[in-house]
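Presented below is the structure to which this report refers.
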Amino acid sequence: MRRSTYYEPFVLQCSAGPRVGRGLMVLSHRLRRPGPRASLRDCVQKPKTRPNPDYTGPKWRQREYPDHQGDTVILGKIASSDREYHQPEGRDAFRLQIYSKTPIKPKDFQNLHDYLFQELVHGCFMEIYSYSPPDALACVEHQRREIAHRKRLHAQTEKSPEVLPPLIPTLRTSTQNDFGSGFCILLTSESYQAGFDAEERNDLGTGPLWISFNRKFPSEIPKLSMITRLGSSLLNYDRFRKGQIEVCPETNETSVKLINDQEYMDDTVSDLLNGVFMNFVNLGDIDYGFGEALPVETKFDAQQTKEILKRQETDEIQAVDQSKLYLTWNDVTLTISSKSSDCDIQYVVYVPFLAGIQDSSLLETTARTFTAAIISQLGFNKSIRLQFKIPSSSSLSYLLSQRNEFPVGALHTLDAGTRQERTLPFGIGDYAYEPIPHKFFAVVLDRPSFVTQPGVLFFTVLNELQEEMEPTEINLVNVKRSAGIPEVARRLAMLAVEEGLTDKPKRTLTPEEHRSLMMISMSSEEYQSWLDMARENE
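Position in the sequence shown (from 1) plus 136 gives the number in my numbering.
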């Protein structure tokens with residue numbers, strides 16, 4: 137069902153007063169007392185307003201500046217005046233980050249606006265990058281560096297913020313989120329050139345990719361914030377009262393969705409922009425990350441990596457009897473297993489932090505340390521096989537073209553013992569997930585401190601749309617960051633299947649944790665008032 141579209145009136149407003157009969161409206165401006173020769177035109181007093189010399193009617197306005205690579209960025213918007221462009225209000229001030237696989241020509245800026253916003257009044261800003269990324273994950277890497285670049289510009293210069301490239305805002309991409317994340321759009325075809333013509337869009341090509349991501353560099357995440365691990369909002373009192381706010385073992389690192397329904401793109405964008413304002417920290421504001429430290433992208437050389445890996449060998453890891461493990465080398469691939477045949481737990485593990493480091497001994501150290509860390513949590517009751525690979529690039533884009541060479545996942549007996557199948561840690565909840573169609577699944581160690589810090593990712597490339605299906609959105613890529621080694625081991629073994637966890641969360645937020653998180657943005661008195669009001673409204 138299409139949503140009603142509201143337009144601002146330009147001249148007179150009509151309002152229904154409390155005494156006006158049904159179906160009647162009165163003019164909001166005063167009426168003159170009619171004289172003997174008064175006409176209807178004489179009855180309406182014209183509002184005394186001064187003409188706005190700045191008003192020119194809706195038109196495309198823009199400014200440009202270089203990004204961190206020196207490529208041009210266009211900050212554009214449909215606005216009726218310079219004031220509306222330079223001093224926007226509400227969600228019109230939000231800046232939507234837009235990339236395209238092929239350059240967008242200036243003559244198509246208006247079409248792009250009409251394509252995204254269609255019947256919305258004007259819409260928000262568009263930051264259009266001339267850099268053309270090869271894929272969605274390249275957009276994420278570019279955005280992280282651009283966010284860091286602009287924060288440094290604003291922190292290290294005395295120039296007015298108005299002359300600098302603007303800070304990039306966060307966006308709440310789900311109503312369940314109490315925090316903002318990075319967000320950008322990648323145009324995959326020239327379908328935007330159809331502009332208002334909704335029926336022509338699908339004929340011109342595929343829809344855009346919606347990309348949400350963690351704005352921080354991996355090295356900036358010493359620990360996962362509890363608020364990013366919650367399965368529902370802190371403000372959901374009913375779930376809190378019932379003890380049903382789940383603490384998930386992972387948090388979303390990157391999510392890529394294809395917007396398959398281009399006909400009602402303005403509806404999709406309007407729903408998206410509902411997340412412009414924060415509902416918790418920085419309540420009611422657009423969040424630019426003012427309270428965050430200046431981002432720093434850290435990379436390690438061979439010696440630094442060796443020293444960090446040494447610090448990962450905890451007492452529990454050193455206690456694992458590694459004489460029970462088999463090692464097999466093949467070029468830059470190392471397979472480590474607890475037996476020679478198929479194992480209960482089988483995965484491929486990519487180690488991008490070793491890309492470019494010419495020291496094969498570091499791969500063996502990494503493989504032994506990670507495998508021992510998993511066994512320290514599970515014991516030798518389950519056989520395990522892990523194949524470790526060094527990708528040719530540290531970019532996660534490399535993984536988009538990879539495929540698994542052997543069955544991966546945790547082997548379990550399903551359907552009351554009638555079949556055996558390998559299950560994978562899909563979703564962010566600790567549940568017994570049914571196997572779903574996918575192209576590729578891998579474990580990724582994105583830093584050498586993968587034991588003492590949350591440096592383990594679960595990387596999934598899902599199957600594309602089947603011909604008989606036509607959903608509005610299609611999940612293409614999902615990357616999750618695990619909270620730590622205990623959570624990693626539990627999820628790789630898919631213990632929730634053995635425990636029969638299908639709907640009840642394994643770990644939920646305690647009242648003490650809830651209070652602590654809520655008081656990030658409110659005082660003790662305000663928290664108590666919130667509880668009292670929530671109870672009254674039950």
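All C-beta atoms in this analysis are idealised placements derived from N, C-alpha and C, irrespective of residue type, glycine included.
{"Query": "Just to confirm, is the Cβ distance from L445 to T364 under 8 Å?", "Result": "no"}
{"Query": "At the level of alpha carbons, what is the spacing between K640 and G563?", "Result": "15 Å"}
{"Query": "Put H285 into one of helix, strand or coil per three-state DSSP.", "Result": "helix"}
{"Query": "From the DSSP secondary-structure annotation, give me the bridge partner or partners of A578.", "Result": "F595"}
{"Query": "Applying the 10 Å Cβ sphere with the 16-neighbour rule, what's the burial state of P170?", "Result": "Unreliable placement is indicated for P170, whose pLDDT of 40 sits below 50; no coordinate value is reported for it."}
{"Query": "To which residues does DSSP link F586 through a beta bridge?", "Result": "According to DSSP, which records beta bridges pairwise, F586 is partnered with nothing at all."}
{"Query": "Counting only the same chain and skipping the five closest in sequence on each side, list residues whose C-beta sits under 6 Å from that of F595.", "Result": "L535, A578, V580, V615"}
{"Query": "Please name the residue in R377, R280, D203, S528 whose C-alpha comes closest to that of L430.", "Result": "R280"}
{"Query": "Starting from Q664, follow the beta strand (DSSP E) in both directions and report where the run begins and ends.", "Result": "Segment 660-672 is the alpha helix (DSSP H) holding Q664; no beta strand (DSSP E) there."}
{"Query": "Given a threshold of 16 other Cβ atoms within 10 Å of its Cβ, counted over all protein chains shown, does S528 qualify as buried or as exposed?", "Result": "exposed"}
{"Query": "Going along the chain, which unbroken runs of the alpha helix (DSSP H) with 4 or more residues stay wholly within the stretch 219-295?", "Result": "245-253, 272-292"}
{"Query": "Can you round the beta-carbon distance between N350 and S391 to whole angstroms, since I take them to be within the 8 Å contact cut?", "Result": "That pair is no contact at about 10 Å."}
{"Query": "Note down the Cα distance separating S569 from I520, rounded to an integer number of angstroms.", "Result": "Checking the sequence shown, residue 569 turns out to be Tyr, not Ser. Approximately 20 Å between the Cα atoms of the pair."}
{"Query": "Using 8 Å as the threshold, is the C-beta distance between R617 and F576 below it?", "Result": "no"}
{"Query": "Measure the Cβ-Cβ separation of L409 and C275 and say whether it is below 8 Å.", "Result": "no"}
{"Query": "Go through its chain and collect everything with a Cβ distance to R651's Cβ below 8 Å, but skip five positions before and after it.", "Result": "Y663"}
{"Query": "Starting from L522, follow its DSSP beta bridges and name the residues at the other end.", "Result": "I472, Y483"}
{"Query": "Is the separation between the beta-carbon of P305 and that of F245 shorter than 8 Å?", "Result": "no"}
{"Query": "For the beta strand (DSSP E) containing Y373, list its first residue and its last residue.", "Result": "That residue, Y373, is in no beta strand (DSSP E); its alpha helix (DSSP H) goes 373-377."}
{"Query": "Report the CB separation of D566 from A632 in whole angstroms; it is logged as a contact under 8 Å.", "Result": "5 Å"}
{"Query": "Considering only residues of the same chain and omitting the five flanking positions on each side of H204, which have a CB-CB separation below 6 Å?", "Result": "R281, E282, H285"}
{"Query": "Once the 5 residues before and after I210 are set aside, which same chain residues still bring their CB inside 6 Å of it?", "Result": "Q198, E200, I264"}
{"Query": "Name the DSSP beta bridge partners of Q458, please?", "Result": "DSSP lists no partner for Q458."}
{"Query": "From the DSSP output, which residues share a beta bridge with R199?", "Result": "L211"}
{"Query": "From W346 to F319, what does the alpha carbon distance come to, in whole angstroms?", "Result": "8 Å"}
{"Query": "Starting from the Cα of D314, find the closest Cα among R219, D423, T404, V592 and give me that residue.", "Result": "D423"}
{"Query": "What first and last residue would you give for the beta strand (DSSP E) that runs through V633?", "Result": "Taken as a continuous stretch (DSSP letters only), V633 belongs to no beta strand (DSSP E), being part of the alpha helix (DSSP H) at 631-635."}
{"Query": "Does K616 come out as helix, strand or coil in the three-state DSSP assignment?", "Result": "strand"}
{"Query": "Touch check for the stretch 435-442 and the stretch 478-494: three-plus C-beta pairs under 8 Å?", "Result": "yes"}
{"Query": "Can you tell me which of K295, K393, V383 puts its alpha carbon nearest to the alpha carbon of I610?", "Result": "K393"}
{"Query": "Report yes if the CB atom of E452 is closer than 8 Å to the CB atom of S512, and no otherwise.", "Result": "yes"}
{"Query": "Roughly how many angstroms separate the alpha carbons of C479 and A629, rounded to a whole number?", "Result": "11 Å"}
{"Query": "Nearest by alpha-carbon distance to K525: which of L273, I510, V484 is it?", "Result": "V484"}
{"Query": "Could you tell me the alpha carbon to alpha carbon distance between Q312 and N599, rounded to whole angstroms?", "Result": "26 Å"}
{"Query": "How is S175 classed by DSSP in three states: helix, strand or coil?", "Result": "Note on S175: pLDDT 41, under 50, position unreliable in the model; the coordinate value appears next. Here S175 sits in coil by DSSP."}
{"Query": "Could you have a look at H548 and say whether DSSP puts it in helix, strand or coil?", "Result": "strand"}
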